[in-house]
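Its first residue numbered -7, the sequence shown is counted upward by one per residue in the working numbering.
By construction, the Cβ of each residue, glycine as well, lies at the ideal position given by its N, Cα and C atoms.
Since the model is a prediction, treat every value here as computed from it, not as a measurement.
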Amino acid sequence: MLQTVLEWTGAATGITGAAMVASHSRYSPYGWICFLVSSLCMSFFGLLTQAWGLLLLEVCFVLTNLLGLWRGLIQPWVRKRFLP
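The following block contains the structure:
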């Protein structure tokens, strides 16, 4: 049951994140949140199913998603809020 929830949540949020980032709209940066949720779900799915290649891939995606989240949402917010 948990594996199925992780797999389908990972797939759905990954597809949503891809559509959001590809749209090049004001909502695009929020796609990184979806990507991060997707990668975390798929990482746990890979761990539970002992799919080690998938786990490695998703851990790398978590890192790149954190970078995208930093550059797309956090850094612009910090600059706008705290820097002149």
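Mapping DSSP to helix, strand and coil, what is residue i?
i	result
residue -7	coil
residue 8	helix
residue 14	helix
residue 42	coil
residue 22	helix
residue 75	coil
Does the separation of the CB atoms of residue i and residue j fall below 8 Å?
i	j	result
residue 57	residue 28	yes
residue 20	residue 53	no
residue 33	residue 60	no
residue -2	residue 36	yes
residue 23	residue 13	yes
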